[in-house]
Amino acid sequence: MYGVSDSFYALLYGLLGYRKKVVIINLKNAFPGKTDAEINLIAKKFYHHLCDLFLETFKTLTISKKSMLKHCSFSPEAKALFDQLAADKKSIILAMGHQGNWEWAGNSFSLVCNQQLYVIYHPLSNKYFNGLIYRMRTRFSTKLIAMRDTYKDMVANKAEVNATAFIADQTPAPGNAYWTTFMNQDTPVFQGTEKIARKLNFPVVYAQVKKVKRGYYQIFAEMLVANPATTQDGEISELYTRRLEKDIIDQPETWLWSHRRWKHKKPVKTEAAVGVSG
């Protein structure tokens, strides 16, 4: 499989240059202190990882449970944290980023953790590809929640002990976002994760999927906020952003740099908007 991935890399990076301009610009803005040679090296490693990720995701359709857990395992501390939360009958929100192999992480979670895992997703318009993604993500008993139904379904599922995964490093509409600095750039952050956590008072656990070596990942987790109802506006979003930023700096090639994360500019507040009279 990884031999095929190497061939894909030659095509995607060398011949087609898939979103190469986006990747290079994102990397240069995120790491202004790095040289062009360093930026290009990260880009090449990223494209290798992206090709691996694509094939690993499709491998989910046939991989055995034993092999899945061999290739994507939990750190002892992460497993102990999830076990304790389940024993305490606490449903949780999982805050993650597009780093490592988040698809495999969901599969491993459903195989070894006691919580029912729900993953928030955006249904695809193409019925064939949407069905394919659905089969891959639910093969090991993970359940999906359409983004538009997130809060409604989470309320409906309150009777069970579950974990709802928010991959929260996507790009929201700029006017409805929490704005912060992320990877040296003004960045909008979805407020939905924070707002739902505060309303339901579900503990927020940050999960990292670290690439150990090619084809092998390990899941780390830590309590981000134990009692969200007591937090201030923006507090959870800020904690999540800073934690994800640290992981990206530590292993930059495994984050999704081809995503147009910074396509929106921070809105400029006018005098009327901030209530200042002339």
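Numbered according to the working numbering, the sequence shown spans residues 1090 to 1367.
From the three backbone atoms N, C-alpha and C, an ideal C-beta is built for every residue, glycine too.
Of all C-beta pairs linking the segment 1152 to 1172 to the segment 1114 to 1132, fewer than three are shorter than 8 angstroms, placing the two stretches out of contact. Beta-bridge partners of residue 1337 (DSSP): none assigned.
Excluding its 5 nearest sequence neighbours in each direction, residue 1213 has C-beta neighbours in its own chain below 6 angstroms: 1219, listed in chain order. Annotation for residue 1189: 1298, 1299, 1300, 1306 and 1343 place their beta carbon closer than 7 angstroms to its own, counting only its chain and skipping 5 residues before and after.
Residue state for residue 1119 is assigned as helix, using DSSP reduced to three classes. Of the candidates 1291, 1234 and 1349, 1349 places its Cα closest to the Cα of residue 1260.
Residue pairing from DSSP places residue 1312 in a beta bridge opposite 1294.
Distance between residue 1128 and residue 1149, taken at the CA atoms: about 31 angstroms. The beta carbon of residue 1295 sits closer than 6 angstroms to those of 1184, 1311, 1313 and 1332, all from its chain and outside the five residues before and after it, given in chain order. Just so you know, the alpha carbons of residue 1252 and residue 1324 end up roughly 21 angstroms apart. Judged by their CB atoms, residue 1113 and residue 1126 are not nearer to each other than the 8 angstroms cut-off. Contact between the segment 1090 to 1101 and the segment 1233 to 1251 is absent, with fewer than three C-beta pairs closer than 8 angstroms. Where residue 1232 is concerned, the enclosing beta strand (DSSP E) starts and stops at 1232 to 1235.
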